[in-house]
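Letter by letter, the sequence shown follows residues 1 to 411 of UniProt numbering.
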Amino acid sequence: MQTIPFFDAVIIGAGAAGLFCAGQAGQRGLKVLLIDHSDKVAEKIRISGGGRCNFTNRDLDVRAPHKHFVGQNPQFCRSALSRYTPADFIALVQKHGIPFHEKHKGQLFADRSAEDIIQMLLAECEAGQVKRWQPCSVKNIAFLASGADGSSAGSYQIDTSQGPVHTRSVVVATGGLSIPKIGATDLGYRLAQQFGIPLVERRPGLVPLTFDGAGWQPYAQLAGLALPVQISTGSKKERMAFDEDLLFTHRGLSGPAVLQISSYWCEGAPLAVNLAPTVDLPEALQQAKARSRKLIANELATLVPSRLADAWAQREAEWQRPVNEASDKALAKLAEQLARWELTPTGTEGYKKAEVTLGGVDTKALSQQTMECKAQPGLYFIGEVVDITGWLGGYNFQWAWASGMACAQAL
Ligand code: FDA
């Protein structure tokens with residue numbers, strides 16, 4: 001009878017968290033198998049950061065994870081993030097001689113390509129003699145009451161398309177649901193359900209927002225226009241706001257400001273957008289009225305992008321006249337509406353366009369030190385499959401590295 005191979009740990013998902021965890025665990029001397037159903041590794045790293053991978057963020061404040069992470073309990077990630085920091089990952093990138101640069105708000109990108117980060121993670125796996133099976137799908141996972149390695153501790157049998165394996169630890173690193181065409185599946189959530197691990201409802205995050213077709217018609221002409229805004233949502237007490245760029249699209253709004261706010265937006269709730277956050281609009285329009293005979297749209301075009309100025313002035317008859325002929329009330333209304341444009345999205349562009357999945361494995365069920373399930377010894381969840389979602393700007397990868405490291409040290 002053929003003997004079933006044994007590994008100290010089997011990691012499912014060769015993405016950011018899985019590759020990193022495998023390399024670190026292997027380098028601790030553990031016999032590690034890494035499985036992915038795709039024939040390529042880390043497709044999301046490859047397309048991340050516009051192909052340059054925003055691999056971490058220097059501004060991460062580990063004492064206040066709620067400033068960069070969303071989830072039912074953002075404090076959960078504090079332990080892992082404080083033990084493996086952006087500085088630790090930067091040191092690894094430097095050790096591999098990868099050139100990088102800072103872009104905006106602490107965001108670090110590879111100078112050449114995301115491929116550098118992937119090759120670094122593969123080299124780390126190589127150094128840990130990690131065995132990799134790809135493409136390989138998982139058919140079934142069973143918990144065996146007694147240890148398959150002869151020990152009395154429980155272990156697991158995983159039936160895969162390349163045959164069965166036994167292991168002491170199963171690490172689920174299958175990521176979220178976004179971009180299904182490059183390999184995202186719900187396996188991680190199904191495994192959680194199989195073992196009775198609670199899940200927090202999933203929805204797309206860091207995603208463009210869409211609006212009702214007819215209602216959006218006046219703004220569809222602005223598709224392609226980008227401008228800095230302040231965007232906010234939520235009640236006064238729980239208001240979230242971001243100062244970032246907004247992009248008009250044919251179906252709605254996108255750009256960093258909208259992706260960030262989408263992770264906080266609840267269906268049916270309005271957004272408030274200040275389209276000229278750095279301009280004192282009431283004052284500027286009053287000054288224009290005192291010195292100019294130009295059309296309001298032309299004066300407005302000196303304060304906000306001209307396409308926006310034109311589209312906005314078309315909204316009211318009293319805004320389609322020379323600025324010196326406009327009433328104070330009409331100018332005040334114009335200033336107020338530009339500074340507080342209220343609109344309610346009808347939906348999102350969904351997982352096809354989302355960068356991440358909000359929700360996932362409930363952190364209440366996991367140890368924040370090790371990422372192991374409290375009620376299921378030897379079963380771990382790391383990375384995006386967990387109910388921890390980072391802001392745009394390298395925070396999601398930092399969570400993948402930090403949760404992967406916490407797990408690797410505990411295996
Ligand atoms: P990840 O998705 O990386 O890996 C999961 C792996 O599991 C994949 O290899 C997949 O094939 C495998 N898998 C899935 N189902 C399986 C199954 N049934 N059987 C076997 N294997 C299975 N973040 C950031 O910090 N900076 C950035 O610049 C960007 N940019 C960005 C751009 C775009 C377009 C997207 C979609 C996302 C980003 N992100 C990002 C988010 C970031 O990519 C994401 O949070 C991490 O990759 C999550 O790492 P994980 O390892 O958890 O999942």
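Ideal Cβ positions, reconstructed from N, Cα and C, are used throughout, including at glycine. Every value quoted in this text rests on a predicted model; they were computed, and no experiment measured them.
Can you say whether residue i is buried or exposed, counting buried as having 16 or more other CB atoms within 10 angstroms of its CB?
i, result
"Asp212", "exposed"
"Gly163", "exposed"
"Gln2", "exposed"
"Ser152", "Residue placement at Ser152 is flagged as unreliable, the pLDDT there being 48, under the threshold of 50; the coordinate-derived value follows with that caveat. Exposed, because fewer than 16 other Cβ atoms sit within 10 Å of the Cβ of Ser152."
"Ile11", "buried"
"Gln72", "exposed"
"Gln24", "buried"
"residue 450", "Beyond the ends of the chain as shown, which are 1 and 411, falls residue 450; an answer cannot be given."
"Thr302", "exposed"
"Glu283", "exposed"
"Phe7", "buried"
"Lys289", "buried"
"Ala9", "buried"
"Lys44", "buried"
"Thr278", "exposed"
How far does the beta strand (DSSP E) with residue i in it extend, from its first residue to its last?
i, result
"Ser367", "Run containing Ser367: none; DSSP gives neither H nor E here."
"Phe195", "Unbroken run through Phe195: none, as it is neither H nor E."
"Gly18", "It is not in any beta strand (DSSP E) - Gly18 instead sits in the alpha helix (DSSP H) that spans 16-27."
"Gln376", "376-381"
"Lys139", "138-144"
"Ile179", "Here Ile179 belongs to no beta strand (DSSP E), and DSSP marks it neither H nor E."
"Ile35", "32-35"
"Ile158", "155-160"
"Thr85", "Thr85 -> no beta strand (DSSP E), and no H or E assigned at all."
"Thr56", "54-57"
What residue does the alpha helix (DSSP H) around residue i start on, and which one ends it?
i, result
"Lys329", "328-339"
"Phe76", "Here Phe76 belongs to no alpha helix (DSSP H), and DSSP marks it neither H nor E."
"Arg168", "Counting along the chain, Arg168 falls outside any alpha helix (DSSP H), though it belongs to the beta strand (DSSP E) covering 163-172."
"Ser403", "395-410"
"Ile12", "Careful: Ile12 lies outside any alpha helix (DSSP H), inside the beta strand (DSSP E) at 6-12."
"Arg63", "Neither: Arg63 is in no alpha helix (DSSP H) and is coded neither H nor E."
"Ile47", "43-47"
Would the C-beta of residue i count as close to ligand 1, meaning under 6 Å from any of its heavy atoms?
i, result
"Arg174", "One detail in the question is off: residue 174 reads as Thr in this sequence, not Arg. The answer is yes for Thr174."
"Arg54", "Note on identity: in this sequence residue 54 is Asn, with Arg being the wrong assignment. Result yes, Cβ under 6 Å from ligand 1."
"Asp116", "no"
"Ala14", "yes"
"Gly23", "no"
"Glu384", "yes"
"Gly49", "yes"
"Asp36", "yes"
"Gly394", "yes"
"Ile11", "no"
"Gly163", "no"
"Ile179", "yes"
"Val279", "no"
"Thr348", "no"
"Ala17", "yes"
"Gly183", "yes"
"Ala400", "yes"
"Leu187", "yes"
Thinking C-alpha only, which one of the options is nearest residue i?
i, options, result
"Leu358", "Ser367, Tyr380, Gly378, Val386", "Val386"
"Ala80", "Phe6, Ala17, Phe55", "Ala17"
"Gln221", "Ser306, Ser113, Glu318, Pro322", "Ser306"
"Gly97", "Ala123, Arg78, Gly106", "Ala123"
"Leu411", "Ser169, Ala14, Arg202, Leu19", "Ser169"
"Leu197", "Ala400, Asp362, Ile12", "It should be pointed out that residue 197 corresponds to Ile in this sequence rather than to Leu. Ranking the options by Cα distance to Ile197, first place goes to Asp362."
"Thr174", "Gly393, Tyr380, Met405", "Tyr380"
"Ala276", "Glu244, Ala110, Gly49, Tyr189", "Glu244"
"Gly404", "Leu227, Ala301, Gly15", "Gly15"
"Asp88", "Ile382, Lys294, Leu187, Thr56", "Thr56"
"Gln107", "Gln157, Ser113, Lys95, Cys53", "Cys53"
"Ala272", "Ala309, Trp133, Lys236", "Lys236"
"Arg263", "Gln217, Arg203, Phe20", "Correcting the residue type first, residue 263 is Ser in the shown sequence and not Arg. Ser263 has its Cα closest to that of Arg203, out of Gln217, Arg203, Phe20."
"Ala42", "Ala313, Gly176, Ala269", "Gly176"
"Gly383", "Pro5, Asp8, Gly13, Ile4", "Gly13"
"Lys103", "Ser178, Ile296, Trp133, Asp59", "Asp59"
"His166", "Ser178, Asn140, Asp186", "Asn140"
"Ile296", "Thr278, Asp328, Gln129, Glu267", "Asp328"
"Pro228", "Glu325, Leu247, Gly128, Thr185", "Leu247"
"Phe76", "Gly393, Gln369, Gly394, Ala375", "Gln369"
"Gln409", "Leu19, Ile4, Arg28, Pro99", "Arg28"
"Ser155", "Gln314, Ala365, Pro5", "Pro5"
"Leu33", "His68, Pro74, Ile158, Ala91", "Ile158"
"Leu206", "Leu281, Asn298, Asp39, Ile179", "Ile179"
So is residue i in contact with chain C if we call contact Cβ pairs under 7 Å?
i, result
"Arg63", "The chain labelled as chain C is not found in the depicted structure, where only one protein chain is given."
I want to check one thing, is the minimum distance from the CB of residue i to the heavy atoms of ligand 3 below 6 Å?
i, result
"Val356", "Only ligand 1 can be found as ligands here, which leaves ligand 3 out of the picture."
Start-end ranges of the alpha helix (DSSP H) lying completely within the UniProt domain "RsdA/BaiN/AoA(So)-like insert" (203-356), minimum 4 residues | Within the UniProt domain "RsdA/BaiN/AoA(So)-like insert" (203-356), the complete alpha helix (DSSP H) runs of at least 4 residues are 213-220, 256-262, 281-291, 296-300, 306-313, 328-339.
Run through the segment 94-131 for me and flag every whole alpha helix (DSSP H) of 4 or more residues, listed as ranges in chain order.
-> As far as the segment 94-131 is concerned, its whole alpha helix (DSSP H) runs of at least 4 residues are 115-127.
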